[in-house]
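To start, the structure itself, in structure tokens.
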Amino acid sequence: MSLGLVIAKARKDAGLSLDDLADKTKIRKSVLAEIENDIFINCGGETYARGHVRNIAKALGADAKEFIRIFEDEQGSETRSIQDLLVETNVIKEQREPRKVSWKVLLVISLVSLALVGIAQILISNTDTKDVADTSPTASAQPTASNSPSSDAPTENTYSTGSGVEVIVNASRNNSWLFVADANGQTLFSGQILRGSTKVFTSDTALNLKLGNAGGVDLTVNGNPIDPVGLDGEVVSVSYGVDS
Numbered sequence: 060m061s062l063g064l065v066i067a068k069a070r071k072d073a074g075l076s077l078d079d080l081a082d083k084t085k086i087r088k089s090v091l092a093e094i095e096n097d098i099f100i101n102c103g104g105e106t107y108a109r110g111h112v113r114n115i116a117k118a119l120g121a122d123a124k125e126f127i128r129i130f131e132d133e134q135g136s137e138t139r140s141i142q143d144l145l146v147e148t149n150v151i152k153e154q155r156e157p158r159k160v161s162w163k164v165l166l167v168i169s170l171v172s173l174a175l176v177g178i179a180q181i182l183i184s185n186t187d188t189k190d191v192a193d194t195s196p197t198a199s200a201q202p203t204a205s206n207s208p209s210s211d212a213p214t215e216n217t218y219s220t221g222s223g224v225e226v227i228v229n230a231s232r233n234n235s236w237l238f239v240a241d242a243n244g245q246t247l248f249s250g251q252i253l254r255g256s257t258k259v260f261t262s263d264t265a266l267n268l269k270l271g272n273a274g275g276v277d278l279t280v281n282g283n284p285i286d287p288v289g290l291d292g293e294v295v296s297v298s299y300g301v302d303s
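Just add 59 to wherever you are in the sequence shown, counting from 1, and you've got this note's numbering.
Structure (structure tokens):
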């Protein structure tokens, strides 16, 4: 029995739906469905896939070591083709058959392009023949450009639902899957943080984080750097409040 079938059976035996398992693991339902069909291409690489498998086993009360053993037998680097590994790690894209374009579509595009060129030439010609006397001799006042940059503009790497607690996540060593929510359960971020990038999260009372590769990132809580919260490939959940 493949790992996907083992996970699906364990989930059903536990009386859980895919939605229930997604809530327990914070893994997207679509990714869980693919894993149960032995598809790991959207897990973000072998390290993240192994972390997902370990997290699923814990949520189902199953033997995580046995799940990882089956994963290694079926999906480990030594048993995968070079093509599959390159596609999974986004080094190359999966080859797809090129889409054929109908000659009718090309003909329509050509005719529209010619029509636009003709209209543009007519407009330019009409502009050139306007009476020069219509031009006012009075110089119009030139607006003064403001050199001051707009302040308080939010950056794409800042996520906030308040200002009581601040957590800075720096992927200094490796990529990591990251989920962040505030004390009310509102999701601030869910996705991958790439190596070398930094994201800032703030909230009124507390922030709850789930890291898919805890050893790959550094955390700064309320201005204070903290020790790594886990090892490479380890899935770790942490929470921080105003007094952290």
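Quick reminder that beta carbons are idealized off the backbone N, C-alpha and C, glycines included.
(request) Output the distance between the C-alpha atoms of G282 and E225, rounded to the nearest integer angstrom. (result) Walking along the sequence shown from the start, residue 282 turns up at place 223. Walking along the sequence shown from the start, residue 225 turns up at place 166. Cα atoms of G282 and E225: separation of roughly 8 angstroms, rounded to the nearest angstrom.
(message) For S256 and Y218, what's the separation of their Cα atoms in angstroms?
(response) Your numbering for residue 256 matches position 197 in the sequence shown. Your numbering for residue 218 matches position 159 in the sequence shown. One C-alpha to the other measures close to 14 angstroms.
(request) Could you tell me the distance, in whole angstroms, from the CA atom of T214 to the CA atom of R232? (result) Along the sequence shown, one-based indexing puts residue 214 at 155. Along the sequence shown, one-based indexing puts residue 232 at 173. Its pLDDT being 47, under 50, T214 is placed unreliably by the model, and nothing is read from it.
(message) So for I227, helix, strand or coil by DSSP?
(response) Against the sequence shown, residue 227 aligns to sequence position 168. Three-state result, I227: strand.
(request) Give the single residue among N216, A265, G74 and D277 whose Cα lies nearest to the Cα of S249. (result) Translated into positions along the sequence shown, residue 249 becomes position 190. With distances taken between CA atoms, S249 lies nearest to N216 out of N216, A265, G74 and D277.
(message) In whole angstroms, give me the CA-to-CA distance for R254 and K163.
(response) Locating residue 254 in the sequence shown gives position 195, where the first residue counts as 1. Locating residue 163 in the sequence shown gives position 104, where the first residue counts as 1. Rounded to the nearest angstrom, the gap between the Cα atoms of R254 and K163 is 47 angstroms.
(request) Give every residue of the same chain whose Cβ lies closer than 8 angstroms to the Cβ of A81, excluding the five residues on either side of it in the sequence, and list them in chain order. (result) Here residue 81 refers to the residue found at position 22 of the sequence shown. Excluding residues within five positions, the ones whose Cβ falls inside 8 angstroms are R87, K88 and L91.
(message) Nearer than 8 angstroms: is that true of the beta carbon of N234 relative to any heavy atom of the ligand PLP?
(response) This structure does not include the ligand PLP; it has no bound ligands of any sort.
(request) List the endpoints of the continuous alpha helix (DSSP H) containing I94. (result) As a first step, residue 94 is located in the sequence shown; it is residue number 35 there, counting from the start. From DSSP, the alpha helix (DSSP H) with I94 extends over K88 to E95.
(message) What does the alpha-carbon distance come out to for the pair F126 and G289?
(response) If you number the sequence shown from 1, residue 126 lands on position 67. If you number the sequence shown from 1, residue 289 lands on position 230. G289 has its alpha-carbon roughly 20 angstroms from the corresponding atom of F126.
(request) Just tell me which of T246, A116, L166 and V280 has its CA closest to the CA of A73. (result) As a first step, residue 73 is located in the sequence shown; it is residue number 14 there, counting from the start. Closest by alpha carbon: A116.
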